[in-house]
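Residue numbers (our numbering): 627 to 745.
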Amino acid sequence: MPQPPSVPCDRDILDVEPMLRNFGGPGPTVTMLYALFLENAGELSRALTERLAADDLDGVRLAAHSAAGAARTAGAGRLADLFGSVEEAALRGDTAVARRDAAALDRALADVKILIARI
């Protein structure tokens, strides 16, 4: 029996169920919210990278904190965890860990974008 089209199922990368439940399923509102999330997450990731290059750990921490919250709200768990790890490393003054985890952000964000595109 054929299965109906579904939303992405890799919940470690993107758990869309709460968003779809809260807004009545896929539609223009969910599309707009995810587009806004992607725009903001990209901007925060760039800001984080710039602050990291300038060794501004307070700036890194603030950008990572904002991005982690946005990612959690969007259901992007793995991305949120990475941003959270960067935030914690910046708070501890551990530039090496902040750089290591920040280096994985582009791939994690790209994975989220792929799944959002399937909604």
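Just so it is clear, CB atoms sit at the ideal spot from N, CA and C, and this is done for glycine as well. All values derive from a computational prediction rather than experimental measurement.
Query                                                                                                                                    : Result
With distances taken between CB atoms, is the gap from Ile639 to Val712 smaller than 9 Å?                                                : no
Just to confirm the assignment: which complete alpha helix (DSSP H) runs, minimum length 4, are found wholly within the segment 708–742? : 721–728
List, from N- to C-terminal side, the alpha helix (DSSP H) runs of 4 residues or more that fit wholly inside the segment 632–706.        : 643–648, 654–679 and 683–700
Taking just the CA atoms, how far does Ala689 sit from Glu669?                                                                           : 9 Å
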